[in-house]
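Sequential numbering from 2 applies to the sequence shown in our numbering. Okay, structure first, notes after.
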Amino acid sequence: MKNIALLASGSGSNIENIVCYFRDDARLHFPFIISNKQDAYVHERAKKLRIPSFLYNKDSFENGEVLAFLLENRIDFIVLAGFLLKVPLNIIQAYPYKIINIHPALLPKFGGKGMYGSRVHEAVVANRETESGITIHYVNENYDEGQVIFQAKCKVFPTDTPEDVAAKVHELEYRYFPEVIADVCLGDSPSKQHFST
Ligand code: GRF
């Protein structure tokens, strides 16, 4: 069995989807959710899902407190879904190729500091892109630069609003993120790459 920590800063709809997807799968266990935001809706979802959620601020991440908590709880993998703090080096070094993030665009486009949430979809529309999608990648010390594990694409039409793009991207996230988590956390090849269109 693998123990997986879930981290989110916002709504947490991906977290809820992941937990529900694996509800009857004894191979993956999600003992808690961590957020850096007190008012994040993910705490409400956690209550509904009957999973404890914990609030840790930036300092707790930086000073090793969060790492100690992860290690005490024998966490094997860390999954970020809309988690906006930069993961500090102490955690990255303790979990090489064991931290996975989902980004709501086709990296390396529309990534990096400040590119999150609706800003990504606004930039995609402003740039008149004809496609967008999701990128699931390992986390390293730079925002959105870790090795890509999986990408899936959707079409963007000239008439699409950022909200339209967000809806298509969310659909891809819900469809693929759990499968990729299963593959990474239960598979034996940490650097395996998948591409889907
Ligand atoms: C998702 O689009 C994810 O790709 C991005 O932040 C969003 C989180 O949405 N990193 P939610 O909190 O899971 O609803």
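Cβ coordinates follow ideal geometry from the N, Cα and C atoms, glycine included. Just so you know, these numbers come straight off a predicted model, no measurement behind them.
Do residue i and residue j have their C-beta atoms closer together than 8 Å?
i: T131; j: V157; result: yes
i: Y42; j: G13; result: yes
If you measure from the CB of residue i, is any heavy atom of ligand 1 nearer than 7 Å?
i: E45; result: no
i: N15; result: yes
i: V185; result: no
i: S12; result: yes
i: H138; result: no
i: P105; result: yes
i: Y117; result: yes
i: A6; result: no
i: E172; result: no
i: G134; result: no
i: G113; result: no
Skipping 5 residues on each side, what residues in its chain have a beta carbon closer than 6 Å to that of residue i?
i: V140; result: V88, I100, N102, G147
i: K193; result: Bear in mind that the predicted position of K193 carries a pLDDT of just 48, short of 50, making it too unreliable to give a figure here.
i: T198; result: In this prediction, T198 scores a pLDDT of 47, lower than 50, which makes its location untrustworthy; the coordinate-derived value is nonetheless stated afterwards. Hits under 6 Å: K154.
Look up residue i in the DSSP assignment and give the residues it is bridged to.
i: N4; result: H30
i: Y139; result: I101
i: K156; result: E132
Can you find the residues in the same chain that come closer than 7 Å, C-beta to C-beta, to residue i, ignoring five residues on each side of it along the sequence?
i: Y117; result: L85
i: Y96; result: I79
i: P191; result: Here the model assigns P191 a pLDDT of 47, short of 50, so the residue's position is not dependable and the matter cannot be decided.
Skipping 5 residues on each side, what residues in its chain have a beta carbon closer than 8 Å to that of residue i?
i: M2; result: A27, R28, L29, H30
### Task
Please specify which runs of the alpha helix (DSSP H), each continuous and at least 4 residues long, are wholly inside the region 70 to 100, giving them in chain order.
You should have 90 to 95.
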